[in-house]
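Visitor:
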Amino acid sequence: QVQLVESGGGLVQPGGSLRLSCATSGFIFSDYTMGWYRQAPGKQRELVARISFRGTTNYADFVKGRFIISRSNAKNTVYLQMNSLKAEDTAVYYCNALRFGAYWGQGTQVTVSS
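Using our numbering, read the sequence shown as starting at 2 and increasing by one per residue.
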């Protein structure tokens, strides 16, 4: 059974940091491109960052220089280090695994507010 479980979300002040984790099981993690997406209220889900099975990374322009995606194939886990957070980063953040098909986690809420 495929599982993607996000953790690490919460409430943080503007300028603060959070580290999201996505622990996975039920598929060959090292074969998959892993990504983080987010969805704010009233908006479509959008790509934040992705990392290929080879470790190649891509970022949305709105997070470049602030967020870092990484993966541990030994732990079957993908991470998103989020720095210099802004109010507009408030959203539910979803983990995604992509190869021939896609798997999704349930999401973790990130709220940036003073």
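Idealized CB from N, CA, C, for every residue including glycine.
Might you give, ordered along the chain, the residues of its own chain that have their beta carbon closer than 7 Å to the beta carbon of Asn59, omitting 5 neighbours on each side?
Guide: Here the set comprises Ala50 and Arg51.
Visitor: Unbroken beta strand (DSSP E) runs of length 3 or more, entirely within the stretch 5-69: which are they?
Guide: Listed in chain order, the complete beta strand (DSSP E) runs (minimum 3 residues) inside the stretch 5-69 are 11-13, 19-26, 34-40, 47-52 and 58-60.
Visitor: Below 7 Å between beta carbons: does that hold for Asn97 and Gly36?
Guide: In contact: Asn97 and Gly36 (Cβ atoms closer than 7 Å).
Visitor: Where do the N-terminal and C-terminal ends of the beta strand (DSSP E) with Ala98 fall, by residue?
Guide: Ala92 to Leu99 is the span of the beta strand (DSSP E), which, as asked, contains Ala98.
Visitor: Decide if Ala92 is buried, meaning its Cβ has at least 16 other Cβ atoms within 10 Å, or exposed.
Guide: With 16 or more Cβ atoms within 10 Å of its Cβ, Ala92 is classed as buried.
Visitor: Do Leu81 and Ala61 have their C-beta atoms within less than 7 Å of each other?
Guide: No, Cβ-Cβ distance for Leu81 and Ala61 is not below 7 Å.
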